[in-house]
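Trainee:
In the UniProt record's numbering, the protein residues as written are 1 to 481.
1. Just the Cα atoms here: how many angstroms apart are residue 105 and residue 142?
2. What distance in whole Å lies between the Cβ atoms of residue 192 and residue 124, which are believed to be in contact at a cut-off of 8 Å?
3. Given residue 114, which residues of its chain have a CB within under 7 Å of its CB, disregarding the five upstream and five downstream residues?
4. If you follow the alpha helix (DSSP H) that residue 140 is in, where does it begin and where does it stop?
5. Report buried or exposed for residue 420, applying the criterion of at least 16 other Cβ atoms within 10 angstroms of its Cβ.
6. Got a sec? Which residues, its chain only, sit under 8 Å from residue 158 by beta carbon, not counting five neighbours each side?
7. Quick one: which unbroken alpha helix (DSSP H) runs of 4-plus residues sit fully inside the segment 198-241? Chain order, please.
8. Give a yes or no on whether the C-beta atoms belonging to residue 186 and residue 266 are separated by under 8 Å.
9. Work out the CA separation of residue 371 and residue 303 for me, nearest whole Å.
10. Alpha carbon to alpha carbon, what distance is there between residue 305 and residue 337?
11. Are the Cβ atoms of residue 235 and residue 275 separated by less than 8 Å?
12. Pick out whichever of 174, 119, 445 has its Cα sitting closest to the Cα of residue 367.
13. Check for me: the alpha helix (DSSP H) holding residue 378 runs from which residue to which?
14. So what's residue 396 in DSSP terms, helix, strand or just coil?
15. Just to confirm, is the Cβ distance from residue 387 to residue 120 under 8 Å?
16. What is the residue span of the alpha helix (DSSP H) that residue 259 lies within?
17. Over the uninterrupted alpha helix (DSSP H) stretch that includes residue 328, give me the two end residues.
18. Looking at C-alpha atoms only, which residue of 217, 392, 385 is the closest neighbour of residue 406?
19. Is the Cβ-Cβ distance between residue 203 and residue 447 less than 8 Å?
20. Taking the alpha carbon of residue 364 as the point to measure from, which residue in 380, 348, 343 has its own alpha carbon closest?
21. Consider the C-beta atom of residue 442 and the heavy atoms of the ligand NAD; say whether any pair is separated by less than 7 Å.
22. Taking the straight line between their C-alpha atoms, what separation do you get for residue 315 and residue 428?
23. Can you round the beta-carbon distance between residue 277 and residue 301 to whole angstroms, since I take them to be within the 8 Å contact cut?
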């Protein structure tokens with residue numbers, strides 16, 4: 001059957017189009033007004049052309065191309081009192097415009113990032129934090145890798161290097177920022193796949209490298225059995241009371257619990273209002289659990305470090321709304337308890353591991369500076385810096401943090417009898433950087449994306465099931481890689 005051609009469409013004042021159709025069959029020979037009212041075509045649905053072009057008011061039903069022109073000047077349709085031209089088309093509605101209307105009406109629709117920038121200065125901060133922790137472990141913590149206690153071997157350096165321990169708190173603030181950025185716009189499955197692909201490949205390599213050092217290079221130095229080594233590969237060994245193979249792994253246990261809490265928030269649905277409530281109430285709940293003596297709840301809520309993670313999350317929200325007084329107030333509510341609690345706890349750790357005494361005021365200032373430098377890196381024009389060498393250093397941060405402790409001390413112990421202390425330190429740092437680069441290039445880069453894709457694909461197998469709907473996967477923000 002040939003396609004019908006609509007003709008003589010006159011636009012009423014109502015406005016409803018009354019048209020007749022002519023085809024070789026009689027099925028379409030009735031006027032459109034003879035059909036039920038629901039079959040009428042609203043004039044708002046008729047295509048419109050720019051005012052500068054005069055087009056005939058006719059539609060091609062079922063045609064695959066533009067309407068055919070007879071070459072004659074279009075005539076004014078009967079009953080049509082407007083101009084000979086069709087009004088210009090309305091601007092196309094965009095998702096961002098619709099999102100803006102929803103946000104203005106409901107206030108809790110998340111503002112989605114329009115780009116995924118690489119925050120190079122934030123990468124530099126991450127590397128600085130790792131380097132500070134490395135120096136702290138090499139020349140501040142009391143050990144005998146230098147042939148005598150560090151306080152006796154490097155008395156003038158220890159007092160300064162001890163403050164590198166606060167690099168851990170800087171890590172946690174940066175993590176709060178990056179993890180919320182990673183979770184925003186994802187579902188739980190995408191978030192889990194992203195974090196697993198980011199954490200586990202380098203971690204597994206670091207555990208195996210430490211195990212090789214303790215078993216093959218310096219056997220008998222520490223007692224390590226197979227169950228302990230296998231449990232450490234899970235990253236949750238502390239939950240079962242199994243000692244860490246490396247002392248630095250305690251921070252990963254804090255990170256994992258934070259990820260679980262963010263995953264629950266993602267499952268509920270990330271909105272500005274929910275995230276804001278979370279970053280304010282979470283540290284308070286952790287403090288209440290600690291003072292009430294509920295060790296289990298305090299452990300689940302990462303009570304001592306909750307204000308650090310929460311403050312980093314607020315800083316990410318501030319990148320979207322920098323003039324929001326509510327967000328700045330929420331940041332203050334996280335910074336103050338973080339400085340009071342985390343500053344005191346870290347000062348005690350320094351005193352237990354070194355001969356340096358840190359006053360509470362210094363600990364308070366150090367924590368405030370952690371928030372300040374992250375704010376400068378993300379809320380000022382420095383956020384637009386795109387220096388490639390900072391990105392390259394940031395890529396080495398995680399493997400450097402994982403492998404430096406035991407391997408670095410072994411290098412110091414091996415070469416310090418033959419070199420000066422400064423040269424020994426330089427060799428140890430260079431060796432750790434080289435080992436971190438190998439882990440990054442040989443393990444992280446090839447295996448991380450593969451593990452992330454494999455988990456994402458496996459967790460989304462219900463795509464093929466009838467009725468199974470999964471939100472579209474979104475690429476991971478590059479700053480989170």
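Just so it is clear, CB atoms sit at the ideal spot from N, CA and C, and this is done for glycine as well.
Mentor: Looking at the atomic coordinates:
1. Any reading at residue 105 must be qualified, since the residue scores a pLDDT of 43, below 50, and its modelled position is unreliable; the value itself is stated next. Taking the straight line joining both Cα atoms gives about 59 Å.
2. The pair is not a contact, with the Cβ atoms about 28 Å apart (cut-off 8 Å).
3. Bear in mind that the predicted position of residue 114 carries a pLDDT of just 41, short of 50, making it unreliable; the figure below should be weighed with that in mind. Around residue 114: no qualifying Cβ.
4. No alpha helix (DSSP H) holds residue 140; DSSP gives it neither H nor E.
5. Classification of residue 420: exposed, given that the 10 Å Cβ count is below 16.
6. Closer than 8 Å at Cβ, skipping near neighbours: 139, 140, 150, 151, 354, 355, 356.
7. 226-232
8. yes
9. Computed Cα separation, rounded: 18 Å.
10. 10 Å
11. no
12. 174
13. 360-379
14. coil
15. yes
16. 250-268
17. 325-337
18. When C-alpha distances from residue 406 are compared across 217, 392, 385, the shortest belongs to 217.
19. Contact flag unset, no.
20. 343
21. As presented, the structure is devoid of all ligands, the ligand NAD included, so that no description of it is given.
22. About 35 Å.
23. The pair is not a contact, with the Cβ atoms about 15 Å apart (cut-off 8 Å).
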